[in-house]
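As structure tokens, the structure follows; a few thoughts come after it.
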Amino acid sequence: MLADPDTGHVVIDEPLVRRLVEVQFPQWSSLPVRAVDHGGVDNRTFRLGPSLSVRLPSAAGYTEQVAKEHRWLPVLAPQLPLPIPTPVARGVPGEGYPWDWSVYRWIDGDVAARTAVDDLTGFAVGLADFLTALGRIDPAGGPAAGTHNFFRGAPLTTYDAETRTAIERLRADVDPELATEAWEAALAATWTEAPAWFHGDVAAGNLLVRDARLSAVIDFGSSGVGDSSCDTVIAWTMFRGPSRAAYRATLPGDDALWARGRGWALWKALITVVATRGTDPAAAASAAHVVAEVLAEHRAISS
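Its first residue numbered 55, the sequence shown is counted upward by one per residue in this note's numbering.
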């Protein structure tokens with residue numbers, strides 16, 4: 055098994071995917087395999103012919119998601135207003151690759167992270183409608199927060215120590231008192247609602263666009279059943295002004311849910327700044343902007 059010495063992620067390329075398909079799914083062995091532009095880091099995605107895709111975890115921490123998606127995506131899909139990935143086949147370790155992997159139906163569309171969205175407010179409303187429908191699906195038996203989704207949907211206390219450490223490490227760049235105040239406000243906004251389905255990683259990279267509209271939602275690896283406040287994070291990472299207001303107005307939830315959402319956004323942005331400020335200035339700057347947005351909103355609400 056080859057691994058990237060910097061990230062620890064398994065090196066996954068077209069020849070490996072081709073060998074896996076030829077051995078395990080010979081009915082598709084004649085189909086061309088092509089790496090997808092910006093095909094992901096946690097999982098790598100490849101086109102398989104015109105109508106299929108192959109998705110492979112790049113590290114052990116993402117492998118539990120394969121079984122979860124195969125179990126639950128067919129249950130969720132008929133109850134949602136937009137397409138989501140459709141599992142077609144499940145591969146097993148082989149050819150030097152150590153984990154289970156998946157074949158899905160290909161979904162056409164451009165990733166929102168790399169596509170101009172002219173009507174961002176309409177986009178936000180469409181996304182909120184999708185997540186509202188997801189949250190109304192019967193959660194019975196669904197996967198509770200755990201290692202499979204890095205504890206999305208669990209109480210924010212899971213990441214309390216990590217967040218406080220990040221605040222301390224960034225105290226020269228971030229107002230530590232204000233950041234701590236915002237974090238503690240999120241912790242105090244206790245989740246009391248019934249568990250509900252959530253996506254867990256609602257980000258521009260997991261949203262597809264066609265004809266300038268939200269057309270599909272992909273990558274349910276962080277999905278689960280629990281506190282859906284983690285699905286509000288995109289309010290500060292992608293939306294702003296009218297689109298953020300429309301997202302909040304359309305998505306169900308009280309002030310406590312949005313306070314916890316600010317906590318999720320703050321945690322992830324802080325640790326991203328810490329992890330990337332010396333290696334990826336663009337990523338660090340983007341995360342620092344999210345920190346500033348969250349803290350500005352907290353200050354406005356608290357004043």
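Where is the CB? At the ideal position from N, CA and C, for every residue including glycine.
For clarity, every value in this text was computed on a predicted model and none was experimentally measured.
Looking at VAL263 and THR39, is the spacing between their C-beta atoms short of 8 Å?
-> The chain is shown from 55 up to 357; residue 39 falls before or after that span and cannot be answered.
Just mark LEU261 as buried or exposed, buried being the case when its beta carbon has 16 or more other beta carbons within 10 Å.
-> Working through the sequence shown from its first residue, we reach residue 261 at position 207. It is buried - the Cβ of LEU261 has at least 16 other Cβ atoms within 10 Å.
Going by DSSP, which residues form a beta bridge with PHE252?
-> In the sequence shown, residue 252 corresponds to position 198, counting from 1. Its beta-bridge partners are GLY278.
Where does VAL71 fall in DSSP's three states?
-> Working through the sequence shown from its first residue, we reach residue 71 at position 17. DSSP places VAL71 in helix when its eight states are reduced to three.
What runs of the beta strand (DSSP E), each 3 residues or longer, lie entirely inside the stretch 190-278?
-> Within the stretch 190-278, the complete beta strand (DSSP E) runs of at least 3 residues are 250-252, 261-264 and 267-271.
Can the beta-carbon of VAL287 be found closer than 8 Å to that of ALA319?
-> As a working note, residue 287 is residue 233 in the sequence shown. As a working note, residue 319 is residue 265 in the sequence shown. Taking 8 Å as the Cβ cut-off, VAL287 and ALA319 qualify as a contacting pair.
Segment contact flag, the stretch 70-81 with the stretch 142-157, C-beta cutoff 8 Å, min 3 pairs = As far as the Cβ criterion goes, the stretch 70-81 touches the stretch 142-157, which means the pair count is three or higher.
Apart from the five residues on each side of it in sequence, which residues of its chain come closer than 7 Å, Cβ to Cβ, to VAL344?
-> One-based indexing of the sequence shown puts residue 344 at position 290. Taken in chain order, the residues that qualify are TRP290, THR291, ALA319 and ALA323.
For ASP162, three-class secondary structure by DSSP = As a working mapping, residue 162 is identified with position 108 in the sequence shown. If DSSP states are grouped into helix, strand and coil, ASP162 belongs with coil.
Could you check if GLN119 is buried or exposed, using at least 16 other CB atoms within 10 Å of its CB as the buried criterion?
-> As a first step, residue 119 is located in the sequence shown; it is residue number 65 there, counting from the start. Burial call: buried.
Which partner residues does PRO111 have in the DSSP bridge list?
-> Looking up residue 111 in the sequence shown gives position 57. Its beta-bridge partners are ASN97.
Determine the direct distance from the alpha carbon of ALA233 to that of LEU349, and round the result to whole angstroms.
-> Residue 349 sits at position 295 when you count from the first residue of the sequence shown. Residue 233 sits at position 179 when you count from the first residue of the sequence shown. If I take the Cα positions, the gap works out to 7 Å.
By Cβ distance, which residues of its chain are closer than 8 Å to PHE79, with the 5 residues on each side in sequence left out?
-> Your numbering for residue 79 matches position 25 in the sequence shown. So the qualifying residues of the chain are ALA143, GLY145 and VAL157.
Extent of the continuous beta strand (DSSP E) run through PRO141 = For the purposes of this step, residue 141 is identified with residue 87 of the sequence shown, where counting begins at 1. Residues 141-145.
DSSP beta-bridge partners for TYR151?
-> The residue you call residue 151 lines up with position 97 of the sequence shown. GLY148.
Might you give, ordered along the chain, the residues of its own chain that have their beta carbon closer than 7 Å to the beta carbon of ALA236, omitting 5 neighbours on each side?
-> Numbered from its first residue, the sequence shown carries residue 236 at position 182. Hits under 7 Å: ARG316, LEU320, VAL348, LEU349 and HIS352.
Which term fits ALA220, buried or exposed, when burial requires 16 or more other beta carbons within 10 angstroms of its beta carbon?
-> Looking up residue 220 in the sequence shown gives position 166. It is buried - the Cβ of ALA220 has at least 16 other Cβ atoms within 10 Å.
List the residues that DSSP assigns as beta-bridge partners of ARG88.
-> If you number the sequence shown from 1, residue 88 lands on position 34. Its beta-bridge partners are ARG101.
Of all the options LEU106, ASP285, ALA239 and PRO137, which has the alpha carbon lying nearest to the alpha carbon of GLN81?
-> Residue numbering aside, residue 81 sits at position 27 when the sequence shown is read from its first letter. It is LEU106.
Taking DSSP as the reference, what is the three-state secondary structure of LEU134?
-> Within the sequence shown, the letter at position 80 stands for residue 134. It is coil, neither helix nor strand.
Reduced DSSP category for VAL171 - H, G, I as helix; E, B as strand; rest coil | Indexing the sequence shown from 1 puts residue 171 at position 117. In this structure, VAL171 counts as coil in the three-state DSSP scheme.
List the endpoints of the continuous alpha helix (DSSP H) containing LEU305.
-> The sequence position of residue 305 within the sequence shown is 251, counting from 1. Element bounds for LEU305: n/a, residue is neither H nor E.
Which full runs of the alpha helix (DSSP H) of 4+ residues lie inside the stretch 295-350, going along the chain?
-> 295-304 and 309-330
Give me whichever residues DSSP pairs with LEU106 in a beta bridge.
-> Locating residue 106 in the sequence shown gives position 52, counting from the first residue. DSSP lists LEU102 and ARG159 as partners of LEU106.
Can you check whether the CB of VAL179 is closer than 8 Å to the CB of ALA300?
-> By one-based count along the sequence shown, residue 300 stands at place 246. By one-based count along the sequence shown, residue 179 stands at place 125. Their beta carbons are under 8 Å apart, which means ALA300 touches VAL179 by this criterion.
How would you call SER356, buried or exposed, if buried means at least 16 neighbouring beta carbons within 10 angstroms?
-> As a first step, residue 356 must be located in the sequence shown, where it is residue number 302. Its Cβ having fewer than 16 others within 10 Å, SER356 is exposed.
Where ARG353 falls: helix, strand or coil (DSSP) | The residue given as residue 353 occupies position 299 in the sequence shown. The answer is helix: DSSP assigns ARG353 an H, G or I state.
Put VAL64 into one of helix, strand or coil per three-state DSSP.
-> Residue 64 sits at position 10 when you count from the first residue of the sequence shown. Under the three-state reduction of DSSP, VAL64 is assigned to strand.
Which same chain residues, not among the five before or five after ALA354, have their C-beta less than 6 Å away from its C-beta?
-> Counting from one through the sequence shown, the residue named residue 354 turns up at place 300. Contacts found: none.
Nearest-angstrom beta carbon gap, ALA131 and THR140 [assumed within contact, 8 Å] | Stepping through the sequence shown from its first residue, residue 140 is reached at position 86. Stepping through the sequence shown from its first residue, residue 131 is reached at position 77. With 8 Å as the limit, THR140 and ALA131 qualify as a contact, their Cβ atoms being about 7 Å apart.
Cβ-based neighbour list, MET55, same chain, cut-off 8 Å, excluding 5 preceding and 5 following = In the sequence shown, counting from the first residue as 1, residue 55 sits at position 1. Unreliable placement is indicated for MET55, whose pLDDT of 48 sits below 50; the coordinate value is still reported in the next sentence. Taken in chain order, the residues that qualify are VAL64, GLY150, TYR151 and PRO152.
Work out the CA separation of PRO306 and ALA89 for me, nearest whole Å.
-> In the sequence shown, counting from the first residue as 1, residue 89 sits at position 35. In the sequence shown, counting from the first residue as 1, residue 306 sits at position 252. In a straight line, the C-alpha of ALA89 is about 38 Å away from that of PRO306.
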